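Shown next, in structure tokens, is the structure this report addresses.
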Amino acid sequence: MEIIRPQRKSSFASASAAVPTIPLYRSAPDLEVQLEEFELYAIQRLRVLKGISDGLSRGKKPDEMEKLVKDLWKANMMHPEASEVVNKDVISHFVLRLVYCREEELSKWFLSMETALFCYRFQNEAPEPQRALLDEFDLPYKAVSTAEYEGVKDKLNQVARSIGGQTSTSDTKFYKVPFEEVPDLVAKRKVFVQKGNAYFSMNQVISLLMSQYRSNLSKALALTKRKWISMIREQEKDRLTPIVEALSTSYLGPDYSQPKEYAELSIKDIDQVAKRSFPLCMRHLFDKLREDHHLKHGGRMQLGLFLKGVGLKLDDALAFWKAEFSRKVGADRFDKEYAYGIRHNYGKEGKRTDYTPYSCQKIISSTPGVGDHHGCPYRHFSEENLREALAKMGVGGRAVEEIIDKKRNRHFQLACTLTFEAVHGASCDAGINHPNQYYIDSKRILESKNNSKSP
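Counting from 17, one number per residue, gives the positions in the sequence shown under the working numbering.
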């Protein structure tokens, strides 16, 4: 596909014939897309955006982030046919725009991650494609003339030295813009301001572009949301709508529907294993089940599928749940009202579907009601309750404050990752993306420690 844009004149224009390599996604492409590609391309771009989110929330340095984004893009967004790379880029962006426009929280995340992606991609471009992309923005900003430059050269060099940058040379191009257009640069004192204008060099232009890109995308998301509500959702209810609504909570990692490692969990060991290797969301459900001898449907599904994924066999699962529920509702009622649901989860009733344990994303997005105990504790617990739960897991001191900080900033999976690291005394660079991953990694670390102690 070729994206056709009108030619524009700009103060940033160069005589080069370079072509921009980063689309600005101004209008949806007129393409026929297979449903398989529609979903696949979106998932692959989502891996890039979630990788950026994880990297930023873990405090990676700018050079580390640049390399991370480059590697993520290469791993997920390439195509066997070179001519299709741009198609994949544009299609995946517009599919995710449709996915993430629907709710304010989703839109904010998508807006931030897409803007960050644009920034890193721009920084990885060669100078000529960068200048061509600047021309695409058609920004009404003026290049500083030679005479004006001579009058402010010393001030520009002072700013450059103060921020550890290179002083200007005769080849350095400077531009001036109204200072309110670059608030981040002004706030960080990275530009020289005079008579209401901020002077900046070519290598600082990304700040302007990010602001413009973010503004354009924000408006586009609002427009897409209106179209989705008024027309698309109903028109596509039997085809695209289910895919779009599922993509925002898509799990992108390994399949944990069948235990592959530490493949058996027996009832006699379950309490000890829960204490040592269950993530907080599952440990909370497990403790509530032991305490109340009952869980509502959401809790039964979340915990039951997790236990299935970590190796609790069907017969043991029936015995385990019956032993607890019978103390509250009686054995006969359990057999009539609850046993079917357990067999159903194991693919032995109904459609015989082999149900998959819930991912972190699905658990975080759930909304527990009164009397429910499922969902993500890092999202739904109060700070006081979370501190108490972490203390029961043996987490204290500075680690607790770091976890609470991640909760406040809505980095729930990173909060779980920090909990894992505090409990096990080991790093988890990949981050926690699935409760069953937490369990497997925990078992692996504990087994390694036990082996190292053996004579």
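Just so you know, even glycine gets a beta-carbon here, dropped at the ideal spot from N, CA and C. Remember, it's a predicted structure, so these values are computed and weren't measured experimentally.
State buried or exposed for residue i, treating a residue as buried only when at least 16 other CB atoms are found within 10 Å of its CB.
| i | result |
| --- | --- |
| residue 214 | buried |
| residue 105 | buried |
| residue 111 | buried |
| residue 66 | buried |
| residue 245 | exposed |
| residue 306 | exposed |
| residue 398 | exposed |
| residue 50 | exposed |
| residue 449 | buried |
| residue 132 | buried |
| residue 113 | buried |
| residue 511 | There is no way to answer for residue 511, as the model of the chain reaches only from 17 to 471. |
| residue 47 | exposed |
| residue 356 | exposed |
| residue 240 | buried |
| residue 348 | exposed |
What residues in its chain sit with their C-beta under 6 Å from that of residue i, if we drop five residues either side in the sequence?
| i | result |
| --- | --- |
| residue 333 | 358 |
| residue 336 | 283 |
| residue 101 | 95 |
| residue 63 | 92, 268 |
| residue 218 | 189 |
| residue 433 | 444, 447, 448 |
Could you name the residues of the same chain whose beta carbon sits closer than 7 Å to that of residue i, not counting the 5 residues immediately before and after it, in chain order?
| i | result |
| --- | --- |
| residue 52 | none |
| residue 437 | 443, 444 |
| residue 382 | 314, 390, 391 |
| residue 467 | none |
| residue 136 | 81, 82, 85 |
| residue 463 | none |
| residue 439 | 409, 410, 411 |
| residue 193 | 157, 213, 214, 224 |
| residue 139 | 82, 222 |
| residue 44 | 110 |
Taking DSSP's pairing of strands, which residues face residue i in a bridge?
| i | result |
| --- | --- |
| residue 214 | 193, 209 |
| residue 158 | 192 |
Mapping the DSSP letters down to three states, classify residue i as helix, strand or coil.
| i | result |
| --- | --- |
| residue 108 | helix |
| residue 291 | helix |
| residue 119 | coil |
| residue 223 | helix |
| residue 455 | helix |
| residue 387 | coil |
| residue 271 | coil |
| residue 421 | helix |
| residue 135 | helix |
| residue 380 | helix |
| residue 23 | Confidence in residue 23 is poor, its pLDDT being 31 and thus under 50, which makes the residue's placement too unreliable to answer from. |
| residue 96 | coil |
| residue 432 | helix |
| residue 151 | helix |
| residue 440 | helix |
| residue 50 | coil |
Is there at least one non-hydrogen atom of the ligand NAD closer than 7 Å to the beta-carbon of residue i?
| i | result |
| --- | --- |
| residue 447 | This structure does not include the ligand NAD; it has no bound ligands of any sort. |
Strictly under 8 Å for the Cβ-Cβ distance: is residue i near chain B by that measure?
| i | result |
| --- | --- |
| residue 316 | Going by chain labels, chain B is absent from the structure shown, which holds only one protein chain. |
Identify, in the order they occur along the chain, each residue of the same chain with its Cβ nearer than 8 Å to the Cβ of residue i, setting aside the five sequence neighbours on each side.
| i | result |
| --- | --- |
| residue 228 | 153, 155 |
| residue 310 | 340, 341, 344, 345 |
| residue 122 | 115, 116, 264 |
| residue 304 | 311, 315, 389 |
| residue 291 | 299 |
| residue 255 | 51 |
Closer than 8 Å is the cut-off here; do at least three beta carbon pairs connect the stretch 79 to 95 with the stretch 187 to 201? no
Quick check: the stretch 134 to 150 against the stretch 291 to 305, are at least 3 beta-carbon pairs closer than 8 Å? no
Given 8 Å as the limit, is there contact between the stretch 309 to 328 and the stretch 356 to 375, that is, 3 or more CB pairs closer than that? yes
Taking contact to mean 3 or more Cβ pairs, one atom from each stretch, closer than 8 Å, check whether the stretch 421 to 440 and the stretch 70 to 78 are in contact. yes
So, does the stretch 409 to 427 touch the stretch 260 to 270, judging by three or more C-beta pairs under 8 Å? no
Answer yes if the stretch 218 to 237 comes into contact with the stretch 127 to 140, meaning at least three C-beta pairs across the two stretches below 8 Å, and no otherwise. yes
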